[in-house]
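Numbering (the numbering used here), first residue to last: 13 to 468.
All remarks here apply to the structure that follows.
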Ligand SMILES: Cc1cc2nc3c(=O)[nH]c(=O)nc-3n(C[C@H](O)[C@H](O)[C@H](O)COP(=O)(O)OP(=O)(O)OC[C@H]3O[C@@H](n4cnc5c(N)ncnc54)[C@H](O)[C@@H]3O)c2cc1C
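If you want it as structure tokens, here you go:
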């Protein structure tokens with residue numbers, strides 16, 4: 013291995029090498045190990061290709077690192093694995109204002125992309141709480157969801173073209189700029205959401221949209237769960253396609269999230285079982301504010317909501333979002349497992365009642381915090397486990413994942429599978445689907461060098 017390591021170091025030069033790296037990841041809630049002997053930081057796609065070619069020849073496993081905000085242990089690295097980080101590939105190459113595209117290297121941070129688009133009066137329609145650290149390569153590899161899926165779809169919908177380096181070092185350039193291109197298989201789709209198991213994303217052509225400078229944001233209180241989907245339907249039709257976020261928050265999360273030291277008092281004076289953070293975006297400030305207000309008023313009249321606070325400034329909008337994004341407040345019930353399940357809205361209430369009761373009766377656990385992208389049928393359920401015992405983790409996971417199968421639900425709506433959910437994949441995918449995934453993996457990475465052991 014020594015000789016191989018020297019050859020790999022020569023490819024990237026001194027600046028591209030970190031020996032015995034010490035890495036701590038933002039989303040590494042479960043303390044996955046990072047024991048890699050060598051971190052390589054290539055600067056170009058050609059260097060990535062040379063690294064993979066050499067690793068493939070020597071059957072040397074390699075783990076890909078973006079911004080390390082992933083939630084499922086996908087960047088966990090063993091002592092026999094080399095790490096490849098895209099952190100030095102951070103160029104925004106071009107912005108095509110007319111064609112509304114941006115061409116970027118994979119290591120560019122999501123927030124930098126959002127800011128670069130805004131500077132050209134354009135808009136990149138992906139947003140999530142880890143925007144300051146997550147890279148676009150990681151977003152693509154995980155097909156990240158986030159706060160605006162209800163209007164714009166997941167990362168997949170924001171990507172027009174990709175450059176990917178395959179396990180054998182082949183540079184597969186599919187840098188398409190067109191919105192429509194049905195010339196044969198759309199190969200990029202294979203790599204979006206493949207969590208680094210099929211290839212290394214090195215560049216992307218991103219789809220931009222016109223800027224939507226007018227934003228209306230409200231937090232509302234709701235007294236019954238079944239009113240939330242009705243409220244969603246009401247708001248969607250009242251806003252005529254302008255709804256950009258509909259985030260549901262259960263009172264158990266609201267109570268934690270409004271108590272952080274950096275937050276002011278809870279914006280709604282009364283407690284409610286459920287809350288929804290609702291946002292519309294557009295470009296006609298005054299008219300849209302009126303429509304937004306009207307939609308809330310009629311929701312009040314129909315009894316769909318019992319309370320509402322409307323943000324009157326950008327600062328107030330940020331304060332409302334800070335509640336939704338106050339993941340740090342979960343420390344109050346740590347250690348926790350953060351679930352990211354998908355299930356039909358109409359099944360959510362019964363599912364939550366069921367798991368709450370099972371957690372209490374089977375494991376004596378009663379710390380739960382729930383919030384989620386309700387409009388995308390996606391719930392984040394946070395369970396306080398009172399212990400870091402892996403056996404307890406597995407019992408809790410089994411308890412939450414098993415019922416999803418009968419509901420046609422998903423064990424991962426947006427975070428991916430990585431290492432953490434691998435053992436439960438069969439609850440969401442059939443034997444045939446998992447076998448087909450295995451065939452794809454074999455075809456693209458016959459020596460199993462890319463993120464080995466992740467997903468399948
Ligand atoms: C506070 C917080 C909020 C979050 N909110 C959301 C949310 O709303 N929606 C959501 O979907 N996720 C969310 N996440 C999870 C996370 O931010 C996303 O999964 C993100 O897309 C990961 O990007 P990253 O650059 O950090 O990737 P990493 O964590 O570095 O990697 C994630 C996976 O992608 C692979 N990978 C990384 N870069 C590449 C590349 N260039 N080529 C091939 N494979 C690669 C890695 O090997 C790993 O398997 C959140 C995380 C945090 C901490």
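Glycine is no exception: its CB is placed at the ideal position from the N, C-alpha and C atoms.
Quick caveat: nothing in here was measured; it's all calculated off a predicted structure.
Could you tell me how far apart the beta carbons of residue i and residue j are, in whole angstroms, since I believe they sit closer than 8 Å?
i, j, result
"residue 64", "residue 29", "Not quite, the Cβ-Cβ distance comes to about 16 Å (not below 8 Å), so this is no contact."
"residue 121", "residue 144", "7 Å"
"residue 471", "residue 371", "In the structure as shown, the chain begins at 13 and stops at 468. Residue 471 is therefore absent and cannot be evaluated."
"residue 124", "residue 103", "Rounded, the Cβ-Cβ distance is 10 Å, inconsistent with contact."
"residue 300", "residue 228", "6 Å"
Between the C-alpha atoms of residue i and residue j, what's the straight-line distance to the nearest angstrom?
i, j, result
"residue 166", "residue 427", "12 Å"
"residue 56", "residue 26", "15 Å"
"residue 109", "residue 279", "39 Å"
"residue 449", "residue 329", "42 Å"
"residue 99", "residue 149", "10 Å"
"residue 409", "residue 336", "24 Å"
"residue 334", "residue 393", "18 Å"
"residue 162", "residue 239", "18 Å"
"residue 232", "residue 254", "18 Å"
"residue 366", "residue 381", "15 Å"
"residue 244", "residue 158", "17 Å"
"residue 237", "residue 289", "15 Å"
"residue 424", "residue 468", "14 Å"
"residue 444", "residue 325", "52 Å"
"residue 115", "residue 189", "9 Å"
"residue 309", "residue 422", "35 Å"
"residue 248", "residue 292", "10 Å"
"residue 206", "residue 446", "13 Å"
"residue 97", "residue 54", "7 Å"
"residue 260", "residue 119", "32 Å"
"residue 411", "residue 203", "31 Å"
"residue 314", "residue 281", "21 Å"
"residue 307", "residue 297", "15 Å"
"residue 194", "residue 164", "21 Å"
"residue 464", "residue 209", "7 Å"
"residue 22", "residue 362", "58 Å"
If you drop the 5 nearest sequence neighbours on each side, which residues of the same chain put their C-beta closer than 7 Å to that of residue i?
i, result
"residue 461", "67, 68, 71, 72, 73, 74, 179"
"residue 87", "37, 75, 77, 80"
"residue 400", "347"
"residue 350", "41, 83, 392, 394"
"residue 93", "48, 73, 74, 75"
Given residue i, which residues of its chain have a CB within under 6 Å of its CB, disregarding the five upstream and five downstream residues?
i, result
"residue 142", "81"
"residue 89", "46, 48, 75, 95"
"residue 181", "61, 64, 65"
"residue 360", "none"
"residue 266", "287"
"residue 322", "230"
"residue 128", "104"
Going by alpha carbons, who is nearest to residue i out of the options?
i, options, result
"residue 133", "226, 314, 118", "226"
"residue 270", "341, 288, 123", "341"
"residue 257", "183, 31, 345, 137", "137"
"residue 263", "248, 215, 379", "379"
"residue 153", "440, 430, 356, 101", "430"
"residue 466", "34, 445, 437, 441", "437"
"residue 151", "282, 395, 218", "218"
"residue 455", "205, 211, 86", "211"
"residue 130", "83, 196, 221, 246", "221"
"residue 250", "305, 41, 373", "305"
"residue 435", "414, 281, 350", "414"
"residue 223", "252, 307, 126, 303", "126"
"residue 356", "419, 32, 209", "419"
"residue 373", "199, 441, 407", "407"
"residue 403", "388, 390, 387, 375", "375"
What does a CB cutoff of less than 8 Å around residue i pick up in its chain, not counting 5 residues either side in sequence?
i, result
"residue 459", "68, 71, 179"
"residue 175", "57, 183, 184, 185, 186, 187, 213, 214, 215, 216"
"residue 191", "172, 219"
"residue 316", "234, 239, 242, 243, 246"
"residue 24", "52, 53, 54, 55, 59, 63"
"residue 160", "137, 138, 139, 256, 257"
"residue 345", "268, 379, 381, 394, 396"
"residue 91", "47, 48, 49"
"residue 327", "none"
Could you name the residues that DSSP lists as bridge partners for residue i?
i, result
"residue 294", "226"
"residue 382", "393"
"residue 175", "185, 215"
"residue 203", "Answer is none; residue 203 lacks a bridge partner."
"residue 424", "352"
"residue 242", "For residue 242, which the question treats as bridged, DSSP gives no partner whatsoever."
"residue 89", "46"
"residue 320", "232"
"residue 429", "Partner(s): none; residue 429 has no beta bridge."
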